[in-house]
Amino acid sequence: ADVVLSVRNLRTAFVTPAGVARAVDDVSFSLSQNEILAIIGESGSGKTVTALSLMKLVPTPPGKYLGGEIEIDGKNILALSERELEDVRGKTIGMIFQNPRASLDPSFTAEFQLVETLLRHNPQLDRTAAQAAAREALIEVGFADPDRVLASYPHQLSGGMCQRVGLAMALACQPKLLIADEPTTALDVGVQAKILLLLKNRSRDTGLPIVFITHDIGVVRAIATRVLVMYGGHVQEEGAVEDLLATPHHPYTQALIRSIPDPDEDHGSMTYIRGEPPNLLAPPKGCRFAPRCEHATGRCRDEVPAWHNPEPGRYVRCHLFDLEARQ
Ligand code: SF4
5 ADVVLSVRNL RTAFVTPAGV ARAVDDVSFS LSQNEILAII GESGSGKTVT
55 ALSLMKLVPT PPGKYLGGEI EIDGKNILAL SERELEDVRG KTIGMIFQNP
105 RASLDPSFTA EFQLVETLLR HNPQLDRTAA QAAAREALIE VGFADPDRVL
155 ASYPHQLSGG MCQRVGLAMA LACQPKLLIA DEPTTALDVG VQAKILLLLK
205 NRSRDTGLPI VFITHDIGVV RAIATRVLVM YGGHVQEEGA VEDLLATPHH
255 PYTQALIRSI PDPDEDHGSM TYIRGEPPNL LAPPKGCRFA PRCEHATGRC
305 RDEVPAWHNP EPGRYVRCHL FDLEARQ
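Those letters in the sequence shown? Residues 5 to 331, by UniProt numbering.
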């Protein structure tokens, strides 16, 4: 398959007065056309810092890229200058964020912002063509009355509408990759489902690969083709969505899936993972999940587990699979 994004041994940290927090620690993955990769984890897992690193958007300082490579559509992202990045962001990489208004400027109409974005990234367009493309982009994200939306300022639109305008803006430039950081978390369930479907259809129809950051297993199930589970700055497990959700291998993934409320049961049946996420200033020496894992042994506390490949397409970082492999 055509690999669009490849991340190798990425290490992103924050240098603070209290020490160096290794937020993303030796993370590798790749993404091809037609794939939607969900990166899932609790807050502090490193998923958002991974997403920001892909666009070289981690504020430095206090952030620092300690090592690794990110290649998107043949470009070595971490080696680009700020000027080169301005063109890559928006044109090569589309982005949508959790705050539905984050992509929009409150002082301009949706039309002005869409048209300016299109013109900036497509200098060959004239204004009339850009206006037509802006209108078309709004129809593609499901607006039945694009002219009313074009004439509106962000404060005249609901959160869900703003997120769709932001998405229209991101997609109108025909990016090679879309990065979506919890784009539906702030929206109600109906609007959330609509946006997930839009993204899924877009990826299926045009091949657009999407990196989708979320903490919600329900969202993973609805949108992803592949899943990367992060915990404590490490990737812990990776696999195709159906396989991983049906037979999670890593004890952390198992706990995450168990913590979804069962719709047939009363509240209170939800099993939370006990304990706190690791302090990244002083992470556990061995497996990052050891302090919370019910299977932890002395070895788990001492040694970082290696990667295991128990089945084709499945990867897991856990000592339990070491034992299995030796039997
Ligand atoms: Fe649990 Fe040990 Fe596996 Fe870590 S390596 S998840 S502590 S069993």
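Ideal Cβ positions, reconstructed from N, Cα and C, are used throughout, including at glycine.
At least one heavy atom of the ligand SF4 is found less than 7 Å from the C-beta of A300. Under DSSP, E73 shares a beta bridge with R12.
Around the CB of V193, fewer than 16 other CB atoms lie within 10 Å, so the residue is classed as exposed. When R139, R152, P104 are compared, the shortest CA-CA separation from E186 is found for P104. The Cβ atoms of P287 and R26 lie closer than 8 Å to each other. Counting along the chain, no beta strand (DSSP E) covers L203; the unbroken alpha helix (DSSP H) around it starts and ends at 193-210. Inclusion of A294 in the 7 Å shell around the ligand SF4 follows from its C-beta lying nearer than that to a non-hydrogen atom of the ligand. Closest in alpha carbon position to M234, among S47, A114, N13, N38, is S47. Distances from the CA of C304 to each of A133, A294, R230 were compared; the closest alpha carbon is that of A294. K79 is bridged by DSSP to I76. Distances from the CB of H254 to the heavy atoms of the ligand SF4 include at least one below 7 Å.
Distances taken from the Cβ of P63 to the heavy atoms of the ligand SF4 include none shorter than 7 Å.
In the three-state reduction of the DSSP assignment, G243 falls in the strand class. Secondary-structure assignment with DSSP links R93 through a beta bridge to I97. Under the DSSP assignment, R296 falls outside any alpha helix (DSSP H); it carries neither an H nor an E label. Linking Q135 to G45 through their CA atoms gives a straight-line distance of about 40 Å. Relative to the ligand SF4, the beta carbon of H323 is positioned inside 7 Å of a heavy atom.
Counting only the Cα atoms, V31 lies some 12 Å from L70.
Excluding five sequence positions before and after N80, the CB atoms of its chain that fall closer than 8 Å to its own CB belong to E73, I74, given in chain order. Relative to the ligand SF4, P309 has its C-beta within less than 7 Å of a heavy atom.
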